[in-house]
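> Quick note on the UniProt record's numbering: the sequence shown kicks off at 1 and runs consecutively.
Beta carbons are placed, not taken as given, at the ideal position from N, Cα and C, and that holds for glycine.
Got a structure for you, questions after.
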Amino acid sequence: MRRKIPSNSALLAFEAAARHGSFARAAEELALTEGAISRQIGRLEAFLGVALFERIGNRVRLAPNGTRYALQVRESLDRLERDSLYLMGQPIEGASIEVAAIPTFATRWLIPRLKRFQNKHPNITVHIAERMEPFILAGSGFDAAIHFEHPAWAGSRLGDVLRACSGQSLFDEHLPRSLKQMLSRLFPALCVAQYV
1 MRRKIPSNSA LLAFEAAARH GSFARAAEEL ALTEGAISRQ IGRLEAFLGV
51 ALFERIGNRV RLAPNGTRYA LQVRESLDRL ERDSLYLMGQ PIEGASIEVA
101 AIPTFATRWL IPRLKRFQNK HPNITVHIAE RMEPFILAGS GFDAAIHFEH
151 PAWAGSRLGD VLRACSGQSL FDEHLPRSLK QMLSRLFPAL CVAQYV
């Protein structure tokens with residue numbers, strides 16, 4: 001049976017237009033004309049049988065159905081991109097871990113510490129993707145997520161995941177020694193080491 005999936009070009013055009021709130025900016029990003037974006041979205045709306053955008057004069061805004069669908073399409077495209085990049089960069093041997101993190105935390109804390117982890121565990125590849133919004137971890141393709149949100153996400157447990165400590169010995173005690181240990185703990189004792 002043939003799958004009922006819209007074309008990739010229509011989904012890419014819709015996701016860009018929804019994210020920018022503008023057909024013109026979506027066209028600029030995708031190196032297309034504004035008319036091409038409009039036609040792709042028109043085809044997508046015809047395929048789905050629902051209006052995704054409300055047209056007000058020569059302006060557009062997401063309709064309620066469009067808002068929900070944009071989130072789903074963005075997550076699907078992110079997952080497809082991540083899975084493709086994973087395959088393109090897959091090491092011949094070893095394991096990998098997929099981590100979703102808030103961009104600021106990832107760039108200022110997590111990524112600077114990856115070199116040390118990589119030196120100790122050269123057969124483990126860590127893939128980090130930015131995620132600003134809460135999402136359902138199960139089925140997302142991520143092994144772990146580092147985020148802040150209250151109350152806890154659906155299907156998750158709320159608990160402390162960051163302990164501040166100082167001194168190399170405390171840091172060494174809490175640093176996961178293997179991918180298996182990291183996954184089994186789900187980061188219960190991430191340490192911020194303060195070197196004096």
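Compute the distance between the beta-carbons of I128 and A101, then report whether it is under 7 Å.
Yes, they are a contact pair.
> Give me, in chain order, the residues of the same chain whose beta-carbon lies closer than 6 Å to that of R131; leave out the 5 immediate sequence neighbours on both sides.
Cβ within range, chain order: A100.
> To the nearest angstrom, how far is the alpha carbon of E133 from that of G35?
So the alpha carbons of these two residues sit roughly 31 Å apart.
> Output the boundary residues of the beta strand (DSSP E) element that contains S96.
Element bounds for S96: 95 to 101.
> If you count every other CB in all the chains shown that lies within 10 Å of the CB of L80, and 16 or more means buried, which is it?
Under this definition L80 is an exposed residue.
> Just the C-alpha distance for E121 and L71, rounded to the nearest angstrom, thanks.
Position check: residue 121 holds His in this sequence, whereas Glu was assumed. Rounded to the nearest angstrom, the two C-alpha atoms are 35 Å apart.
> Of all the options A106, R74, G49, L114, which has the alpha carbon lying nearest to the alpha carbon of H20?
Among A106, R74, G49, L114, the Cα nearest to that of H20 belongs to R74.
> Would you tell me roughly how many angstroms separate the C-alpha atoms of L48 and Y69, rounded to the nearest one?
C-alpha separation (whole angstroms): 11 Å.
> DSSP state of I5, grouped into three classes?
Looking at I5 - three-state DSSP - the assignment turns out to be coil, as it is neither helix nor strand.
> For a minimum of 4 consecutive residues, which ranges assigned as the alpha helix (DSSP H) are wholly contained in the UniProt domain "HTH lysR-type" (6 to 63)?
The qualifying runs are 8 to 20, 23 to 30, 34 to 48.
> Could you check where the beta strand (DSSP E) with residue 201 kicks off and where it finishes?
No answer is possible for residue 201: it lies beyond the span of the chain, which begins at 1 and ends at 196.
> From A10 to A145, what does the alpha carbon distance come to, in whole angstroms?
Whole-angstrom Cα-Cα distance: 30 Å.
> When you compare each of R82, P112, A31, L44 to N8 by their alpha carbons, which one comes out closest?
When only C-alpha atoms are compared, the closest one is L44.
> Residues in the same chain with beta-carbon distance under 6 Å from residue 203, minus the five sequence neighbours each way, listed in chain order, please.
For the chain, the structure presents residues 1 to 196; residue 203 sits outside this window and is missing.
> Can you tell me where the alpha helix (DSSP H) holding I111 begins and where it ends?
Segment 111 to 120, the alpha helix (DSSP H) holding I111.
> To which residues does DSSP link V126 through a beta bridge?
According to DSSP, V126 bridges with I97.
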